[in-house]
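Residues -9 to 348 (my numbering) make up the sequence shown, in order.
Positions of the beta carbon are idealized from the N, C-alpha and C atoms, including for glycine.
Predicted model only: the values in this text are computed from it and were never measured.
Data first, discussion second: the structure below is written as structure tokens.
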Amino acid sequence: MKKLTAQVVVVVLAAAAAHVLLLTLPAAQCYWLNPEIYEAGGLSRRAFPEGFVFGTAASAYQVEGMAKQGGRGPSIWDAFIEVPGTIPNNATADVTVDEYHRYKEDVNIMKNMGFDAYRFSISWSRIFPNGTGKVNREGVDYYNTLIDYLIQQGITPYANLYHYDLPLALHEQYLGWLSPKIVYTKRGGLEFSWILCGTNLSATAVRIELQHSKPGTSTLADERNGVPIGTHANSYWLYIEPWGINKAVNYVKETYENPTMILAENGMDQPGNVSITQGVHDTIRIRYYRNYIKELKKAIDDGARVIGYFAWSLLDNFEWRLGYTSRFRLVYVDYKTLKRYPKDSAFWFKHMLSKKRS
């Protein structure tokens, strides 16, 4: 089995493709090719350092489905969404986009788009249904199978050990996290890249915002001078301002002696209630990625040690408290049929990543 060298990195979370391409273009898109697909804006693989990783990402709870099957136990999110009115239309992630069964299709989409890596999270509840004690072998087998298929297709696995879905039993008993040793034990000699905790500070930030905590200062000037800094995405908290990624990377470079960095998550959302035709023609997302990646390249050219960038995310899916009312992804999913339709932004990535010269 192929071995991959493990990488020790500091993770920076930034949250927060067609004449030939016609071969894979879904029928809903064939009648019109978006010219923005071909506008790489000077970007290409060669424009980045040798070995730079371009990937996409997802979290287990949002994409897997099989929430009550396969030996999986409940997580804190399973309990949370049972409260009526918590999620729009009382939606659940019991099925979501069913990557559990469709992982090969999804990995093949990544490969066709030209991505090098996939950052996925491991559901604790699928490994330890009761939070601790007996291991659910079916859950371990699923992740082993996913990892093996990724490697077979030439895509590097980046395993994220936690993305919001704490086993409910651990919350009830310990209010703590499960030890990660089982993951190392079960993967044996296979080495690949680890990300210990995705969006590790976002829960704190959300609580501060939603609880209306007392600000550090409280003056009329604070209220008067607060203005939006960019175009608003679908999510109320998300503004589109590409220079932000440059400032964030340079801040880390200057403050922490330029550590090795990976941009583990970067993307924007649009409304969820759109047709396939409306959903796949996402020019705003193409411009978003083009402008953000150009700003990232500027930071790299200025000396920042960034070795990878992960687009958030691959598939439209269950978007936490927004349910299915928000679409963040590169691939449109029809939630009734679960059929996947790559968006124009997916083909933009394919075109950009296949370019030999900038």
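Item: Ignoring anything shorter than 3 residues or poking outside the segment 221 to 278, list the beta strand (DSSP E) runs there in chain order.; Value: 251 to 256
Item: Figure out for me which residue from Ser34, Tyr28 and Glu26 has the closest Cα to the Cα of Lys284.; Value: Ser34
Item: Hey, would you say Phe110 sits closer than 8 Å to Asn150, going by beta carbons?; Value: yes
Item: Any C-beta of chain B sitting closer than 8 Å to the C-beta of Pro119?; Value: The structure shown contains no chain B, having only a single protein chain.
Item: Going by DSSP in three states, Phe318 sits in which element: helix, strand or coil?; Value: coil
Item: Tell me the start and end of each unbroken beta strand (DSSP E) in the segment 289 to 335 that is at least 3 residues and wholly inside, in chain order.; Value: 296 to 302, 321 to 323 and 330 to 332
Item: Buried or exposed: which applies to His271, given that a residue is buried once 16 or more other Cβ atoms fall within 10 Å of its Cβ?; Value: buried
Item: Taking the alpha helix (DSSP H) that Ala69 belongs to, which residues open and close that run?; Value: Ile66 to Phe70
Item: Comparing alpha-carbon positions, which option in Gly121, Glu128 and Gly129 lies nearest Gln163?; Value: Gly121
Item: Taking the continuous alpha helix (DSSP H) assigned at Gly129, which residues delimit it?; Value: Arg127 to Gln142
Item: Would you list the one or two residues that DSSP bridges to Thr122?; Value: BP columns for Thr122 are empty, so no partner.
Item: Taking the C-alpha atoms as reference points, what is the distance between Tyr278 and Glu40?; Value: 24 Å
Item: Which word fits Gln142, buried or exposed, when buried means at least 16 other C-beta atoms lie within 10 angstroms of its C-beta?; Value: exposed
Item: Counting along the chain, where does the alpha helix (DSSP H) carrying Tyr90 start and finish?; Value: Glu89 to Met103
Item: List the endpoints of the continuous alpha helix (DSSP H) containing Ala159.; Value: Leu158 to Gln163
Item: Is the segment 228 to 239 touching the segment 283 to 301, taking contact as three or more C-beta pairs under 8 Å?; Value: yes
Item: For Tyr325, collect the residues of the same chain with a Cβ closer than 7 Å to its Cβ; drop the 5 residues on either side in sequence, then sort them by chain order.; Value: Tyr314
Item: With a threshold of 6 Å on Cβ separation, who are the neighbours of Lys124 within its own chain once the five nearest residues in sequence on each side are excluded?; Value: none
Item: Have a look at Lys333, Ile276 and Ser316 and flag the residue whose alpha-carbon is nearest the alpha-carbon of Glu29.; Value: Ile276
Item: With a 10 Å radius around its C-beta and 16 neighbouring C-beta atoms as the bar for buried, classify Gly63 as buried or exposed.; Value: buried
Item: Assign Val73 to buried or exposed, taking buried as 16 or more other Cβ atoms, counted over all protein chains shown, within 10 Å of its Cβ.; Value: exposed
Item: Return the CA-CA distance between Gly179 and Ser113, expressed in angstroms with no decimal places.; Value: Residue placement at Gly179 is poorly supported in this model, since its pLDDT is 42, which falls under 50; the coordinates are not used for a value here.
Item: Could you give the DSSP three-state label for Arg62: helix, strand or coil?; Value: coil
Item: With H, G and I counted as helix, E and B as strand and the rest as coil, what does DSSP make of Phe42?; Value: coil
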